[in-house]
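One structure is given below, encoded as structure tokens.
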Ligand SMILES: Cc1ncc(COP(=O)(O)O)c(C=O)c1O
């Protein structure tokens, strides 16, 4: 008898590199070991009061479906959020999504057919690989290196990756997993390439205000000629410490893109009504809150880099944004090392959980001497987490 089987697409979709070590962490905790989690971008900071209070005091007697485009006031609030950053979008350019993740799914599936290619800069955010696999889209990875602070290679190297199947370039600035802030010149280079080769830019702006040392992102929306080729995906998860509310948006001035995205959005009916309404006050006045957490992450960045540089054989270039860093370690197999941290190592009944960087690369073998650290803990805990890392490297290499 014929057995049921999943689609090739389903079978070929990779598991999240960030979550695959969770069973080992759970086992360590059962053995009474405290695990410092710097493996995942779940900030430790409280969700702002206006969001919690709006959820607690929701007044309607029925929680109705929201429109597929989003609650009108939430779309208007996103519009105000962008206008406060000097970017003019109309509410009709914006569709509220279930986190930045859904915006990315819509964007990828809207610009690329099965077999089409999207350029990404590796190491890249692992969900891009999962979403591409869902759509049978091929990711063409252009390499960036720790020694260059993961900045972009010259234009010719990126141009070499463009083929007749290339539909777009995915850019996350500042970047997860590297924390790199692409310079204005790098942003201009990508914009020029997109214009020259008629490519979409999918601009993942999840971390856009989390930029340090007084620097700023040059947004792709500031290039009027790009308007028709730009699809922005955005999220409240990190900038408002509200990962669990699952609210984001996808934005484009390209009407065909937005009409296509709306059809996808109608297939999932709507985004959670209460949560998208709860975000309105923060979206209407984002600057004071974001300025506060930017300072906090900048200080954590300094702590992590200082402590990493103390460990012999570690290469760590100070990242300029987001809350991640990929240091190079004196090890040969980061997957094995990350497992070792959870299964075989502890110091005073404590250990640290990191993400092996292999999961952020498409090219096999890359990232085997790198890990990603998310500095989402208080500084004292971060100091201890990096101390544990140093002790573990020493023992591992014995
Ligand atoms: C680069 C990047 N894009 C998108 C997302 C998706 O965020 P969410 O779906 O929580 O809005 C994340 C979450 O970690 C991310 O790091």
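In our numbering, the protein residues as written are 39 to 436. Even for Gly, the Cβ is constructed at its ideal location relative to N, Cα and C. From a predicted model like this one, the values you see are computed outputs, not experimental measurements.
Out of curiosity, what's the CA-to-CA distance linking residue i and residue j?
i	j	result
residue 380	residue 318	41 Å
residue 292	residue 161	29 Å
residue 122	residue 371	45 Å
residue 187	residue 343	13 Å
residue 45	residue 62	29 Å
residue 249	residue 312	30 Å
residue 159	residue 180	5 Å
residue 230	residue 59	40 Å
residue 428	residue 331	28 Å
residue 146	residue 240	8 Å
residue 170	residue 116	27 Å
residue 126	residue 184	35 Å
residue 102	residue 57	33 Å
Rounded C-beta distance between residue i and residue j? I'm assuming under 8 Å.
i	j	result
residue 354	residue 368	No, residue 354 and residue 368 are not in contact; Cβ-Cβ is about 12 Å, not under 8 Å.
residue 279	residue 83	4 Å
residue 212	residue 218	6 Å
residue 118	residue 322	5 Å
residue 275	residue 137	6 Å
residue 289	residue 132	5 Å
Which two residues bound the contiguous beta strand (DSSP E) that contains residue i?
i	result
residue 207	204 to 210
residue 239	238 to 242
residue 401	Looking at the DSSP string, residue 401 is not in any beta strand (DSSP E), and its letter there is neither H nor E.
residue 388	388 to 391
residue 72	72 to 75
In terms of residue numbering, what span does the alpha helix (DSSP H) encompassing residue i cover?
i	result
residue 412	That residue, residue 412, is in no alpha helix (DSSP H); its beta strand (DSSP E) goes 409 to 412.
residue 113	110 to 122
residue 343	325 to 347
residue 230	222 to 234
residue 427	417 to 434
Mind checking whether residue i and residue j have CB atoms under 8 Å apart?
i	j	result
residue 395	residue 77	no
residue 157	residue 199	yes
residue 215	residue 163	yes
residue 100	residue 314	no
residue 316	residue 283	yes
residue 149	residue 238	yes
residue 178	residue 153	no
residue 255	residue 246	yes
Let me check one thing: in DSSP terms, what residues is residue i bridge-paired to?
i	result
residue 181	160
residue 353	366
residue 271	242 and 288
residue 249	359
residue 176	155
Under 7 Å: does the beta carbon of residue i sit that close to some heavy atom of ligand 2?
i	result
residue 177	Only ligand 1 can be found as ligands here, which leaves ligand 2 out of the picture.
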